[in-house]
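Contents: one structure, followed by commentary.
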Amino acid sequence: MTTPPGRHRVVVTGIGMVNPLGTGTETVWTRLLAGTSGVGPIQAFDAGRLPVRIAAEVTDFDPADWLTSKEVRRLDRFCHFAIAAAELAVERAGLDGIDRDGAATVIGSAIGGAGTMRAGVLKDATAPHMVSPFFVPSSIVNMGAGTVAQRFGFRGPGAAPVTACASSADAIGQAYRLVRDGYAGAALAGGSEACIASPLVAGFANLRALSRRNDEPQRASRPFTADRDGFVMGEGATMLLLETAESAEARGAYVYAEICGYGQTSDAYHVTAPDPTGRGAARAMLAALREAGLKPDEIDHINAHGTSTPFSDAAETKAIKSAFGSHSGNLAVSSTKSMTGHLLGASGATETAFCALSIDRGVIPPTINQDAADPECDLDYVPNTARPYEVRAALSNSFAFGGQNVALALQRFVRE
């Protein structure tokens, strides 16, 4: 790829993760490659009354390791995750030489402060005068970006995209363009979600969107299989530190991968269902490739949206075939949601980070629970076992309720 005059190449120099597989990028990556499932019985509340009693929860996280006691009390769990993931990304990348006045913070979330909202609504029903004065600032979606910017003194552009399950993919795409076009020298970008709350689980369950495999939770998320029956809700956060290639080289920062393309489209089809033809998703992938200056046959790997819902997985398979034609059979297509569950607004950032790690480490994570082939889903889904592969370039797909489609293109960083 040749960068146009006046534009910068954008690289990933820090990755921080908190999710159902663990806290810390190396812990998460090791468990991901081992095919470990993060799904289990819901612990956050008594789900006995619900038809769905499983989720992919973050279980080994103590906010007191990252925040003061006052911050723990005042901030929602999604902010706890965001700050911890950002700390981990910064710990890896360092900030020496970064102009914080020009550094951006772009962090998406689909729901925001779900726990805070539920507590406030319950309190309002009986004693409105007792609703916390921190109800609003703790629950609004942009507080993830706000608290992270405050933590690191990032005073450049700030934003909080809300496009449901594409939120953090949009966050990374927007941050990438801010850095590429010179509006920010660096950015913390990603997403955070803490959505394992009774009303949300009940709502998704009543929508028939969730798997009901309560008796075998680790086998519940099974993208692209013939017997898939819905997604598994997850939670967590992923943050990436993005900066110009010039900055990274000047600082001596380690580079995981280069972000080189961002495609967005809308299905304009249905509130919750994807366009069954996959047209919008295919157009998003092709738009990302065009921006990256990559040909379809230069992509080796796709981290699929792959939710484990019947309609979505079939539509995504059609979209990949439409976008890649005869090359689609050569692609290694993983759905890491088979292990992490669906982190909603944090899923796009998490899966983009996995693409960067695949490029950096030369290995592609598996899609687990692949034991019932679906003739409609007939691509190479890297079944059950991680695969060593020198990935040149990869796509991360994120598709959302409302019909928003996002694809991000990454490639191995080669100095010009």
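So the mapping is simple: the numbering used here equals the position in the sequence shown, first residue as 1, plus 69.
Note that the Cβ used here is the ideal one computed from N, Cα and C, for glycine as well.
Sub-7 Å separation of residue i and residue j beta-carbons
{"i": "residue 476", "j": "residue 303", "result": "no"}
{"i": "residue 132", "j": "residue 121", "result": "no"}
{"i": "residue 203", "j": "residue 172", "result": "no"}
{"i": "residue 147", "j": "residue 107", "result": "no"}
{"i": "residue 401", "j": "residue 443", "result": "no"}
{"i": "residue 370", "j": "residue 427", "result": "yes"}
{"i": "residue 109", "j": "residue 145", "result": "no"}
{"i": "residue 305", "j": "residue 412", "result": "yes"}
{"i": "residue 360", "j": "residue 373", "result": "no"}
{"i": "residue 338", "j": "residue 425", "result": "no"}
{"i": "residue 368", "j": "residue 274", "result": "no"}
{"i": "residue 162", "j": "residue 82", "result": "yes"}
{"i": "residue 76", "j": "residue 291", "result": "no"}
{"i": "residue 451", "j": "residue 403", "result": "yes"}
{"i": "residue 350", "j": "residue 474", "result": "yes"}
{"i": "residue 334", "j": "residue 352", "result": "yes"}
{"i": "residue 354", "j": "residue 85", "result": "no"}
{"i": "residue 396", "j": "residue 366", "result": "yes"}
{"i": "residue 418", "j": "residue 237", "result": "yes"}
{"i": "residue 344", "j": "residue 446", "result": "no"}
{"i": "residue 470", "j": "residue 116", "result": "no"}
{"i": "residue 472", "j": "residue 296", "result": "no"}
Among the options, nearest to residue i - alpha-carbon criterion
{"i": "residue 80", "options": "199, 327, 366", "result": "327"}
{"i": "residue 179", "options": "259, 484, 426", "result": "259"}
{"i": "residue 271", "options": "109, 443, 355, 119", "result": "119"}
{"i": "residue 166", "options": "459, 460, 312", "result": "312"}
{"i": "residue 123", "options": "288, 197, 175", "result": "288"}
{"i": "residue 231", "options": "390, 483, 468", "result": "468"}
{"i": "residue 266", "options": "433, 190, 451", "result": "190"}
{"i": "residue 482", "options": "208, 314, 263", "result": "314"}
{"i": "residue 149", "options": "93, 100, 263, 248", "result": "263"}
{"i": "residue 300", "options": "194, 410, 317, 228", "result": "410"}
{"i": "residue 285", "options": "293, 298, 278, 277", "result": "298"}
{"i": "residue 280", "options": "100, 406, 113, 470", "result": "406"}
{"i": "residue 440", "options": "335, 294, 364", "result": "294"}
{"i": "residue 268", "options": "235, 113, 95", "result": "113"}
{"i": "residue 251", "options": "446, 197, 78, 438", "result": "78"}
{"i": "residue 282", "options": "322, 207, 139, 377", "result": "377"}
{"i": "residue 256", "options": "340, 310, 100, 399", "result": "310"}
{"i": "residue 207", "options": "344, 187, 446, 100", "result": "187"}
Collapsed DSSP secondary structure at residue i in the structure displayed
{"i": "residue 477", "result": "strand"}
{"i": "residue 460", "result": "coil"}
{"i": "residue 80", "result": "strand"}
{"i": "residue 260", "result": "strand"}
{"i": "residue 132", "result": "helix"}
{"i": "residue 99", "result": "helix"}
{"i": "residue 368", "result": "coil"}
{"i": "residue 137", "result": "coil"}
{"i": "residue 174", "result": "strand"}
{"i": "residue 275", "result": "helix"}
{"i": "residue 309", "result": "strand"}
{"i": "residue 361", "result": "helix"}
{"i": "residue 87", "result": "strand"}
{"i": "residue 110", "result": "strand"}
{"i": "residue 125", "result": "strand"}
{"i": "residue 104", "result": "coil"}
{"i": "residue 207", "result": "helix"}
{"i": "residue 513", "result": "This structure cannot speak to residue 513, because the chain is shown only from 70 to 485."}
Own chain, CB closer than 8 Å to residue i, minus 5 neighbours either side, in chain order
{"i": "residue 220", "result": "152, 155, 156"}
{"i": "residue 357", "result": "330, 331, 332, 464, 476, 477, 478"}
{"i": "residue 209", "result": "181, 182"}
{"i": "residue 135", "result": "149, 152, 153, 156"}
Chain C within 7 Å of residue i, Cβ atoms only
{"i": "residue 277", "result": "No chain C appears in this structure, which consists of one protein chain only."}
6 Å Cβ shell around residue i - same chain, five flanking residues per side excluded
{"i": "residue 454", "result": "435"}
{"i": "residue 261", "result": "147, 150, 151, 178, 213, 306, 415"}
{"i": "residue 18", "result": "As displayed, the chain neither begins before 70 nor continues past 485, which places residue 18 out of reach and without an answer."}
{"i": "residue 318", "result": "none"}
7 Å Cβ shell around residue i - same chain, five flanking residues per side excluded
{"i": "residue 225", "result": "170, 171, 172, 173, 253"}
{"i": "residue 342", "result": "380"}
{"i": "residue 347", "result": "384, 385, 387, 388, 391"}
{"i": "residue 525", "result": "Only positions 70 to 485 of the chain appear in this structure, which leaves residue 525 out of reach."}
{"i": "residue 216", "result": "144, 148, 151, 152"}
{"i": "residue 205", "result": "none"}
{"i": "residue 240", "result": "175, 176, 177, 230, 258, 259, 260, 418"}
{"i": "residue 87", "result": "127, 130, 150, 153, 154, 305, 306"}
{"i": "residue 97", "result": "86, 88, 90, 91"}
Contact test: residue i Cβ vs the ligand ATP heavy atom, cutoff 6 Å
{"i": "residue 399", "result": "The ligand ATP is not among the ligands present in this structure, which contains no ligands whatsoever."}
Where in the region 371-450 do unbroken runs of the beta strand (DSSP E), each at least 3 residues long, occur, reported from the N-terminal end onward?
Those beta strand (DSSP E) runs which fall completely within the region 371-450 and span 3+ residues are 401-403.
Run through the region 313-348 for me and flag every whole beta strand (DSSP E) of 3 or more residues, listed as ranges in chain order.
326-335
Entirely enclosed beta strand (DSSP E) segments - the region 219-272, minimum 3 residues
For the region 219-272, whole beta strand (DSSP E) runs of length 3 or above, ordered along the chain, are 255-262.
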